[in-house]
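Positions 15 to 120 (the working numbering) are the ones given, in order, by the sequence shown.
Ideal Cβ positions, reconstructed from N, Cα and C, are used throughout, including at glycine.
Just so it is clear, the structure is predicted and the values come from calculations on it, not from any experiment.
Read through the structure below, which is laid out as structure tokens, and then see the notes.
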Amino acid sequence: MARKESRKTLNKCPKCGTIVDSPTKTWQLIAPIPDSAGRVTITIMGVFECPNCGYKWRGVVSKMKVGGGDVEIEGVKKTITLEERPERSEKVIELDLSELSIEEEE
Numbered sequence: 015m016a017r018k019e020s021r022k023t024l025n026k027c028p029k030c031g032t033i034v035d036s037p038t039k040t041w042q043l044i045a046p047i048p049d050s051a052g053r054v055t056i057t058i059m060g061v062f063e064c065p066n067c068g069y070k071w072r073g074v075v076s077k078m079k080v081g082g083g084d085v086e087i088e089g090v091k092k093t094i095t096l097e098e099r100p101e102r103s104e105k106v107i108e109l110d111l112s113e114l115s116i117e118e119e120e
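What follows is the structure in structure tokens.
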């Protein structure tokens, strides 16, 4: 038994097999829950229309995982930093309770 291709081409018409250049309409779907690394998945969907037979179908154009200082686009991980932020030093505040009680008495 022959296997189907592991990865279909999205821009190929399922009815007649004509290759479509680009989707006629695109929109974004944003996942409501981040993954374990804290990244949010943004899926770009599209409507394709065959110029030969006129059949329309929906499909995923691309996927991006954004967050945590890096961007991953369909398995290719790219680290993009928008601006360098210096590390914040921790500020320690020490209070002497005896000084506070003296000020309250006066």
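Of all alpha-carbon atoms in 42, 104, 27, the one lying nearest the alpha-carbon of residue 62 is that of 27.
Residue 29 sits close to residue 69, with the two beta carbons spaced by under 7 Å. Beyond the five residues adjoining it in sequence on each side, residue 79 comes within less than 6 Å, by CB distance, of 53, 55, 86 in the same chain, given in chain order. Under the DSSP assignment, residue 86 falls in the beta strand (DSSP E) whose first and last residues are 84–87. Secondary structure at residue 43: strand, using DSSP grouped into helix, strand and coil.
Taken through DSSP and simplified to helix, strand or coil, residue 63 comes out as strand. Linking residue 113 to residue 107 through their CA atoms gives a straight-line distance of about 14 Å. In this chain, the beta strand (DSSP E) harbouring residue 70 covers 70–81. Its chain contains 25, 26 as the residues whose beta carbon lies nearer than 7 Å to that of residue 33, once the 5 sequence neighbours on both sides are disregarded; these appear in chain order. Apart from sequence neighbours up to five positions away, the residues of its chain that approach residue 41 with a beta-carbon distance below 7 Å are 59, ordered along the chain.
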